[in-house]
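J.: Residue numbers (our numbering): 11 to 459.
Backbone N, C-alpha and C define an ideal beta-carbon position, used for all residues, glycine too.
Bear in mind that the values here come from a model prediction, so they are computed numbers and not experimental data.
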Amino acid sequence: MEQQIQVQIQDASNLNPPALGMLLLLAYLTWSLPRRFAICPLLVMTCLMPLGQQLEVFGLHFFLFRILLLVGAFRIVFKGEARQLVATRVDKLFLWWVIVSIVFGTLANPSMDLFRNRLGDAYNAMGCYFFARCVIVDFEDIVISVRTLAVLSLPMAMLMLVEKETGRNLLSVFGGVPEITVARNEHMRCQGAFRHPILAGTFGATQFPLFVALWFYSWRHRWLAVGATISSLIIVVAASSSGAVLAAATAIGGLGCWKWRGRMRLIRRGAVVLILGLALVMNAPVWYLFARVSDIAGGTGWHRAYLIDQAVTHFGEWWLFGTTYTAHWGPGGEVTAADPNMMDITNHYIAQGVSGGLLKLVFFIAIIVACFKTLGRRLSAEDEGSAAGFLVWAVGVALFAHCVSFMSVTYFDQILVVWYWLLAVICLIACAADKNICLSERCGVCAAA
């Protein structure tokens, strides 16, 4: 299904009236809303508008959220909303990651088509990330974004429940997703506005800890938090994805570790020792634990373990600039319908290396490490057990859930907007950590820096 949709979006301009009307409304709101609400239209499009319809200009594909990002960029320039931006370590690593993605990713097989593809990915990344960085400037802005996602999760869950019961996706009216829901092992794999059920389920799993934290943050949001928390779990279940279930379990476990937050260094070291111990006693490489779990719980764990095995075996093919040919990695020559030169890379870490080489993968991991360090510093500065501290913890749990999800799927649609938004949120927290500012106050962190 993912492959079929990827083929479909290569068509020319294909906006239908409902999508055009929604685009114009959200573009107007992006321009006119107060700064702290400017991110909300982008989140609405992410959750409720499928990524399929587009405008083609001089061979460049402008999906709807790309057009919205362009409006956001003009807003930031004309309203001077980038003036308060203060660069953090994560910002710099992110910028270098984008540069390496373009340069090294194109050198893998130099061509204008590949260069345009890499530029498109860079446009998505820079547009989402820095738009969020410029309009989210204090802690209450983070809360507004989380509340917006919480509100959006309610219709998302309802639509996916309808999809699960009827086998029809009502959001297909906007184009970009199939009307008839695909079933696997007699289970409907609902996808809502997303281009694949795994990514829809991943959205629910990674937002779950933020919605739980919203309940603790303010009594005014508790009913919304309860509804959103239940909705996020409904989204995970409706997607019928073992990868999303694993990410949700990780999020639940991460929230449960709140009471042991002072012992996380010991827990991390224990996890490393456990992995090393398993590597010593297992006959196969340690990543074949995915296959063992799959034997018990079902799913495609063997394929994911096999993919890691192939990436290690063929390290020499991709470490420098990445590669545009992995067809020989697949068992039995399995390739994607969208590109007969590539096998299905269902691992976001490996996809980083394949699309830009080892240096791109290193920068990607460095971004994640810097984010965790930032959150750790912020937590140590917060009051013991504060509501703001728990929300920071939940942001870290959401980040960890994404990291787990990266092992089972490559992010390729509007789920990337949610990922870049989370990185931007962590950068705001980094500004507060560097300046030792209390997150519980509406302090305008970056402006005060």
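Pull the bridge partners of residue 178 from the DSSP assignment, please.
T.: 190
J.: In terms of residue numbering, what span does the alpha helix (DSSP H) encompassing residue 423 cover?
T.: Taken as a continuous stretch (DSSP letters only), residue 423 belongs to no alpha helix (DSSP H), as it is neither H nor E.
J.: Buried or exposed: residue 358, going by 16 or more other Cβ atoms within 10 Å of its Cβ?
T.: buried
J.: Grab the span of the alpha helix (DSSP H) containing residue 348 for me, first residue to last.
T.: Counting along the chain, residue 348 falls outside any alpha helix (DSSP H), and DSSP gives it neither H nor E.
J.: Does residue 26 pass the burial test, meaning 16 or more other C-beta atoms within 10 Å, or should it be called exposed?
T.: exposed
J.: Where do the N-terminal and C-terminal ends of the alpha helix (DSSP H) with residue 28 fall, by residue?
T.: That run of the alpha helix (DSSP H) goes 27–42.
J.: Does the Cβ-Cβ distance between residue 242 and residue 221 come in under 8 Å?
T.: Their beta carbons are under 8 Å apart, which means residue 242 touches residue 221 by this criterion.
J.: For residue 260, count neighbouring Cβ atoms within 10 angstroms of its own Cβ and tell me buried if that reaches 16, exposed if not.
T.: buried
J.: Could you give the C-beta distance for residue 380 and residue 103, rounded to a whole number, given that I count them as a contact under 8 Å?
T.: 6 Å
J.: Could you have a look at residue 198 and say whether DSSP puts it in helix, strand or coil?
T.: In this structure, residue 198 counts as strand in the three-state DSSP scheme.
J.: Is the number of C-beta pairs between the region 199–219 and the region 246–265 that are closer than 8 Å three or more?
T.: yes
J.: Counting along the chain, where does the alpha helix (DSSP H) carrying residue 133 start and finish?
T.: 122–145
J.: By alpha-carbon positions, which one of 413, 362, 139, 157 ends up nearest to residue 239?
T.: It is 157.
J.: Tell me where the alpha helix (DSSP H) around residue 327 begins and ends.
T.: Judged by DSSP secondary structure, residue 327 falls within the alpha helix (DSSP H) whose first and last residues are 325–328.
J.: On the three-state DSSP scale, how would you describe residue 49?
T.: coil
J.: Between residue 248 and residue 171, which are expected to be in contact by the criterion C-beta below 8 Å, what is the C-beta distance as a whole number of angstroms?
T.: 6 Å
J.: Is residue 285 buried or exposed, if buried means 16 or more other CB atoms sit within 10 Å of its CB?
T.: exposed
J.: Since residue 386 is in the alpha helix (DSSP H), which residue starts that stretch and which ends it?
T.: Counting along the chain, residue 386 sits inside the alpha helix (DSSP H) bounded by residues 358–391.
J.: Would you mind working out which of 134, 208, 223, 245 sits nearest residue 173, comparing C-alpha positions?
T.: From the listed residues 134, 208, 223, 245, the smallest Cα separation to residue 173 is found for 245.
J.: Residue 160 and residue 210: beta carbons closer than 8 Å?
T.: no
J.: Going by other Cβ atoms of all chains shown within 10 Å of its Cβ, with 16 needed for buried, is residue 273 buried or exposed?
T.: By the neighbour-count rule (16 or more Cβ atoms within 10 Å), residue 273 is not buried but exposed.
J.: In its own chain, which residues sit with a C-beta less than 6 Å from the C-beta of residue 92, not counting the 5 before and 5 after it?
T.: The answer, listed in chain order, is 86, 144.
J.: Based on Cα-Cα distance, which residue from 337, 423, 48 lies nearest to residue 146?
T.: 48
J.: Measure the alpha-carbon distance for residue 231 versus residue 201 and round it to whole angstroms.
T.: Residue 231 and residue 201 have their C-alpha atoms spaced approximately 27 Å apart.
J.: What is the DSSP secondary structure of residue 185, reduced to helix, strand or coil?
T.: coil
J.: For residue 206, which of helix, strand or coil comes out of DSSP?
T.: coil
J.: For the alpha helix (DSSP H) that residue 264 lies in, which residues bound it at each end?
T.: 252–266
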